[in-house]
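Q: Got a structure here, written out as structure tokens. Questions coming.
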Amino acid sequence: MSRFRSIIFISGNGSNLQNIIDNIKSDYLKMDIVLVISDNYEAKGLKKAKENGIETLVINTSDKYIDELLHLMNNYKVDLIILSGFMKILPKVFVEKYYGKIINIHPSLLPKFKGLNTHKKALASKERYHGASVHFVTSELDGGPVIVQGKTEIQENDNEDALKSRVHQIEYNIFPLAIKWFVENHIKQIDNKCFFDNEVLECPIEHLSD
Ligand code: GRF
């Protein structure tokens, strides 16, 4: 059987990308990354991809890029598209073409705090918990069915940086886990719902910290 093929989209640092690469190297994730795409020439994650021998592509999203991108992606026979800190919204035509094959990591306990500045928003609204979610992507921003979440309790003297760093640690656990479930065919997106082993998930799986 041929190896499972993924494409990863990034915009910045790429620490989740590096974590996915490490999980492939350790054989926890039995898949390949056939391409890393960034909308930002300066994304540090591009270097991480290149250092690991992964092909990279920078796209200019201010231009009419989508037809060209879709055309190019046809050459890759992709099984899964992973949005790993990709800061642009992919157009509907893209999301529909790859429906059920796109997952994203978002730094909040969705449906709370969609969009940007999630750590700041969680602190400002005096939440007891904050965290991260992995979800299937639909054309509603951060609105697709959530697969798995991990949470951290907000402390009295918490600040954005401390919270961000704890949320990143959660991401390093839940993202590879969700990807593994997808690769091993446990999870599916059907009718805007997430199914795990053919049972609909009424609520996201909660990942307890190790
Ligand atoms: C992560 O916090 C992710 O949830 C958000 O963007 C950040 C990317 O971090 N979507 P990195 O580039 O993987 O370090």
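Going by the working numbering, the first residue of the sequence shown is number 389, and it counts up by one from there. The beta carbon of each residue, even a glycine, is placed where N, CA and C say it ideally should be.
1. From the DSSP output, read off the bridge partner residues of Leu423.
2. Is Ile447 near Phe482, with beta carbons less than 8 Å apart?
3. Taking 7 Å as the cut-off, is the beta-carbon of Ile442 closer than that to any non-hydrogen atom of the ligand GRF?
4. Counting only runs that start and end within the region 541-591, where is the beta strand (DSSP E) found for 3 or more residues in a row?
5. On a Cα-Cα basis, can you pick out the residue from Thr449, Leu589, Ser390, Gln406 that is closest to Lys436?
6. Runs of 4 residues minimum, wholly inside the region 442-475: which ones carry the alpha helix (DSSP H) assignment?
7. Going residue by residue through the region 464-536, where are the continuous alpha helix (DSSP H) segments of at least 4 residues, counting only ones entirely within it?
8. Considering only DSSP beta bridges, list what Ile593 is partnered with.
9. How long is the line joining the alpha carbons of Ser403 and Gln557, rounded to whole angstroms?
A: According to the data block:
1. Ile395
2. no
3. no
4. 575-578, 581-584
5. Gln406
6. 454-461
7. 480-485, 506-512
8. Val536
9. 10 Å
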